[in-house]
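Asker: Sharing a structure below in structure tokens format, with a few things to ask.
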Amino acid sequence: MDYNKIFAEIYTELEKIPDTGKIASYIPELGNVDPNKFGVHLTTTDNQDYSFGDANEKFSIQSIAKVLALILAYDLEGEKLWDRVGVEPSGTSFNSLVQLESDLGIPRNPFINAGALVISDVLVGHLKNPKTDFINFVRKVANDPTIDYSSRIADSEKSTGYRNAALANFMKSFNNIHNEIDVVLDFYFHMCSIEMTCKELSRTFLFMAKKGVNTHNNEAILSAAKSKRINSIMQLCGFYDEAGEFAFKVGLPGKSGVGGGIIAIYPGKYSIAVWSPKLNKKGNSSRGIKFLEMLTTEV
Ligand code: GLN
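Right under this line is the structure:
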């Protein structure tokens with residue numbers, strides 16, 4: 063399949079459609095990114111790479127990192143994890159507080175912020191040096207020792223992270239956060255601050271198209287059964303209150319971040335990362351979704 067040609071054709075079509083999205087500004091540092099950036103990278107399960115546009119430029123992967131955090135927490139905690147976080151689509155925005163009271167502090171799924179804060183708490187509880195151990199896990203999966211947090215982004219998010227602090231405090235009142243709030247939030251903000259290029263992101267997530275097996279060394283990052291489950295959660299919860307629409311339009315498990323990145327997985331076939339910083343009202347990359355819709359509708 064000549065994906066390079068297909069990407070160029072889709073982009074030409076995409077440029078004709080006005081992008082009504084807006085760059086995330088509630089994290090001040092994210093507001094400084096050039097809104098017109100656009101990159102794509104696709105990696106097939108037999109290791110062919112296809113790039114387009116700004117595919118080699120780093121950006122803040124934000125909530126896409128929640129998938130890697132979930133995988134590590136699932137490995138460390140096992141099935142007990144699901145006592146503390148659900149696997150149902152929330153139908154609410156990524157940073158919503160509304161369901162937590164009636165759900166007695168148990169977040170609907172691990173990808174809304176409340177759920178990712180519980181996952182952060184699980185990791186802080188298990189790991190000896192949580193931030194170092196987590197980034198080392200990401201580096202191992204990515205097969206790239208240079209992947210890192212951005213302290214600039216983490217600090218910026220901390221300075222305006224009132225909703226995340228509210229979520230963590232509220233869940234602690236239900237005893238669903240076990241560690242110190244500040245430690246959990248610091249871990250969470252760092253997790254969200256990881257920077258990658260589309261190429262790095264696509265290659266990092268290829269194992270999810272290969273039943274959990276890391277292409278670089280043929281080691282299982284997670285079992286086939288667990289990778290099925292993580293893909294299911296991505297399919298149902300990866301785009302918050304736009305998850306149904308993304309499934310309808312694109313038809314692949316995926317995860318977005320407010321930095322404008324999206325990772326999507328075609329099991330058995332490819333992983334693809336798209337980056338376009340302008341977000342729609344649901345906090346997902348508007349051009350990124352459109353691009354993926356056109357790709358999976360066309361081929
Ligand atoms: N760091 C962001 C936040 O907590 C993550 C949200 C996202 O990428 N959807 O608000």
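Sequential numbering from 63 applies to the sequence shown in my numbering.
Glycine included, C-beta positions come from ideal geometry on N, C-alpha and C.
In this text, all values refer to a predicted model and were calculated from it rather than measured experimentally.
Using alpha carbons as the reference points, say which of Ile197, Ala70, Gly177 lies closest to Val147.
Answerer: Reading the sequence shown from its first residue, position 85 is the one you call residue 147. For the residues Ile197, Ala70, Gly177, the minimum Cα distance to Val147 belongs to Gly177.
Asker: Within 10 angstroms of the Cβ of Glu75, are there 16 or more other Cβ atoms? Answer buried if so, exposed if not.
Answerer: Position 13 of the sequence shown, counting from 1, holds the residue named residue 75. Glu75 is exposed by the Cβ-count criterion.
Asker: Excluding the 5 residues preceding and the 5 following Phe249 in the sequence, name in chain order all residues of the same chain whose CB lies nearer than 7 Å to its CB.
Answerer: Here residue 249 is taken as the residue at index 187 of the sequence shown, counted from 1. Closer than 7 Å at Cβ, skipping near neighbours: Ser182, Leu185, Val186, Pro192, Lys193.
Asker: Can you tell which of Ser235, Gly323, Glu257, Lys190 has its C-alpha closest to the C-alpha of Ser207?
Answerer: Residue 207 sits at position 145 when you count from the first residue of the sequence shown. In the sequence under discussion, the amino acid at residue 207 is Pro, which differs from the Ser named in the question. Ranking the options by Cα distance to Pro207, first place goes to Glu257.
Asker: Using only CA atoms, which one of His252, Cys260, Phe251, Phe301 lies nearest to Gly153?
Answerer: Stepping through the sequence shown from its first residue, residue 153 is reached at position 91. For the residues His252, Cys260, Phe251, Phe301, the minimum Cα distance to Gly153 belongs to Phe301.
Asker: Kindly indicate which three-state DSSP category Ile327 falls into: helix, strand or coil?
Answerer: The sequence position of residue 327 within the sequence shown is 265, counting from 1. Ile327 falls in the strand class under three-state DSSP.
Asker: Evaluate Thr105 with the Cβ neighbour count: other Cβ atoms within 10 Å of its Cβ, from every protein chain shown; 16 or more gives buried, anything less gives exposed.
Answerer: Residue mapping note: residue 105 aligns to position 43 of the sequence shown, counting from 1. Buried is the call here.
Asker: Assuming Ala335 is part of the beta strand (DSSP E), what are its boundary residues?
Answerer: Translated into positions along the sequence shown, residue 335 becomes position 273. Taken as a continuous stretch (DSSP letters only), the beta strand (DSSP E) holding Ala335 covers 332 to 337.
Asker: Could you tell me the alpha carbon to alpha carbon distance between Asn198 and Leu138, rounded to whole angstroms?
Answerer: Looking up residue 198 in the sequence shown gives position 136. Looking up residue 138 in the sequence shown gives position 76. Their backbone Cα atoms lie some 15 Å apart in a straight line.
Asker: Just to confirm my understanding: we take Gly306, look at its own chain, exclude 5 residues before and 5 after, and list those with CB closer than 8 Å. What are they?
Answerer: To locate residue 306, count along the sequence shown from 1; it is residue 244. Same-chain partners within the cutoff: Pro151.
Asker: How close, in whole Å, do the beta carbons of Ala230 and Leu247 come, if the pair is a contact with beta carbons under 8 Å?
Answerer: Locating residue 230 in the sequence shown gives position 168, counting from the first residue. Locating residue 247 in the sequence shown gives position 185, counting from the first residue. Contact flag correct, Cβ pair sits at about 6 Å.
Asker: Since Ser348 contacts Thr82 with CB under 8 Å, what's their CB separation in whole angstroms?
Answerer: Here residue 348 refers to the residue found at position 286 of the sequence shown. Here residue 82 refers to the residue found at position 20 of the sequence shown. Contact flag correct, Cβ pair sits at about 7 Å.
Asker: Thinking just about the alpha-carbon of each residue, which of Thr359, Glu360, Leu341 is nearest to the one in Pro80?
Answerer: In the sequence shown, the residue the question calls residue 80 occupies position 18. The option with the nearest alpha carbon to Pro80 is Leu341.
Asker: Looking at ligand 1, does it come within less than 7 Å of Ser182, judged from the CB to the closest heavy atom?
Answerer: Here residue 182 refers to the residue found at position 120 of the sequence shown. Checking the Cβ of Ser182 against ligand 1 gives no.
Asker: So, Gly321 versus Ser122, is the Cβ gap smaller than 8 Å?
Answerer: Residue numbering aside, residue 321 sits at position 259 when the sequence shown is read from its first letter. Residue numbering aside, residue 122 sits at position 60 when the sequence shown is read from its first letter. Their beta carbons are under 8 Å apart, which means Gly321 touches Ser122 by this criterion.
Asker: Looking at the structure shown, is Gly345 part of a helix, part of a strand, or coil, going by DSSP?
Answerer: The residue given as residue 345 occupies position 283 in the sequence shown. Gly345 falls in the coil class under three-state DSSP.
Asker: Val180: buried (16+ other C-beta within 10 angstroms of its C-beta) or exposed?
Answerer: For the purposes of this step, residue 180 is taken as the residue at position 118 of the sequence shown. Buried is the call here.
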